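Visitor: Mind looking over this structure? Questions follow.
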Amino acid sequence: SQQGEEDPQALSIQEGENATMNCSYKTSINNLQWYRQNSGRGLVHLILIRSNEREKHSGRLRVTLDTSKKSSSLLITASRAADTASYFCATAYSGAGSYQLTFGKGTKLSVIP
Amino acid sequence: DVKVTQSSRYLVKRTGEKVFLECVQDMDHENMFWYRQDPGLGLRLIYFSYDVKMKEKGDIPEGYSVSREKKERFSLILESASTNQTSMYLCASSNPGGNEKLFFGSGTQLSVL
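If you want it as structure tokens, here you go:
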């Protein structure tokens, strides 16, 4: 399995602080994606970063990718209570004519008002 | 708004029953996926399909089958449900080309008693 690993497993911060989550993976990838999941619901795509990119921004989100270290980080700035959710990284790779998106186990973020 | 619809939000079945989980997308996506999500294990890919009547096994296909008779519909079948198939099941779809972002349904929480 190519499963990525998020770190930490759980994170609790005060509203207004920044939250940083990390993801490590094992093999070469085409891109890496971050998703968010509110409790008991489906996942929602946040941001995609391709293997030839090093940093990407979307609103209060900043994603970095270091392919030499096989790692990525997701930074949420000025967090809000509504950011409370689980966050998953997913790695995309192609091989043998097929393609899959493989998810990590997630980081559970709690933002305290 | 793009939409992936899973037929049931909650489902309770008995051991040995045949179970159908239905998923419909309205985005004309070629790729569709079934994942299961369990605490501590993250999302694991069961089956995926990149075309009508095409299917490929994911990481954990045992005990499951799928059907893709129409482009918009992807069904997951549990031939004989067992208690270890109690889980959250998530359907997703994506654009052709692979490695693009996934759109998820809201999930079906299946309990097998």
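Line order of the protein sequences matches chains A and B.
Residue numbering for the first sequence follows the numbering used here, starting at 1 and increasing by one per position.
Residue numbering for the second sequence follows the numbering used here, starting at 1001 and increasing by one per position.
Beta carbons: idealized from backbone N, C-alpha and C, even for Gly.
Nothing here was measured: the structure is a model prediction, and the numbers come from that model.
Could you work out which residues of chain A lie near serine 1106 of chain B, taking near to mean beta carbons separated by less than 8 Å?
Guide: Within chain A, the residues whose beta carbon sits less than 8 Å from that of serine 1106 of chain B are Arg41, Gly42, listed in sequence order.
Visitor: Assign serine 1 of chain A to buried or exposed, taking buried as 16 or more other Cβ atoms, counted over all protein chains shown, within 10 Å of its Cβ.
Guide: Caution applies to serine 1 of chain A, whose pLDDT of 49 falls short of 50 and renders its modelled position unreliable; the value that the coordinates give is listed next. It is exposed - the Cβ of serine 1 of chain A has fewer than 16 other Cβ atoms within 10 Å.
Visitor: Roughly how many angstroms separate the alpha carbons of leucine 1102 of chain B and serine 1065 of chain B, rounded to a whole number?
Guide: 21 Å
Visitor: Are three or more beta carbon pairs between the stretch 1029–1041 of chain B and the stretch 1069–1084 of chain B nearer than 8 Å?
Guide: yes
Visitor: With 8 Å as the threshold, decide whether the Cβ of leucine 1043 of chain B is near any Cβ in chain A.
Guide: yes
Visitor: Would the stretch 1083–1093 of chain B count as touching the stretch 1033–1050 of chain B if we require 3 or more Cβ pairs under 8 Å?
Guide: yes
Visitor: From asparagine 38 of chain A to valine 111 of chain A, what distance separates their C-alpha atoms?
Guide: 13 Å
Visitor: Would threonine 91 of chain A and leucine 48 of chain A be called neighbours here (beta carbons separated by less than 8 Å)?
Guide: no
Visitor: Take lysine 1018 of chain B and list the residues in its own chain whose beta-carbon comes closer than 8 Å to its own, dropping the five residues that flank it on each side.
Guide: Ile1077, Leu1078, Glu1079, Ser1080, Ala1081
Visitor: Can you tell me where the beta strand (DSSP E) holding valine 44 of chain A begins and where it ends?
Guide: 43–50
Visitor: Between which two residues does the beta strand (DSSP E) harbouring aspartate 1038 of chain B extend?
Guide: 1031–1038
Visitor: Decide if the stretch 1050–1061 of chain B is in contact with the stretch 65–73 of chain A; the criterion is three or more beta carbon pairs, one per stretch, under 8 Å apart.
Guide: No, the stretch 1050–1061 of chain B does not touch the stretch 65–73 of chain A.
Visitor: Run through chain A and tell me which residues come within less than 8 Å of glycine 1040 of chain B, C-beta to C-beta.
Guide: Lys105
Visitor: For leucine 946 of chain B, go through chain A and note every residue whose CB falls closer than 8 Å to its CB, in chain order.
Guide: No information on residue 946 of chain B is available, as it lies outside the stretch 1001 to 1113 that chain B covers here.
Visitor: So, at 7 Å on beta carbons, what are the nonlocal neighbours of isoleucine 76 of chain A in its own chain, with the 5 sequence-adjacent residues on each side left out?
Guide: Asn18, Ala19, Arg60, Leu61, Asp83
Visitor: Find the residues of chain B that neighbour leucine 48 of chain A, judging by a C-beta separation of less than 7 Å, and give them in chain order.
Guide: Lys1101
Visitor: When you compare the CB of leucine 101 of chain A with every CB in chain B, is at least one pair closer than 8 Å?
Guide: yes
Visitor: Between which two residues does the beta strand (DSSP E) containing leucine 1090 of chain B stretch?
Guide: Leucine 1090 of chain B: member of the beta strand (DSSP E) spanning 1087–1094, first to last residue.
Visitor: Within 10 angstroms of its Cβ, does phenylalanine 1020 of chain B collect 16 or more other Cβ (buried), or is it exposed?
Guide: exposed
Visitor: Closest Cβ-Cβ distance between glutamine 14 of chain A and chain B: below 8 Å?
Guide: With 8 Å as the cut-off, glutamine 14 of chain A does not count as an interface residue toward chain B.
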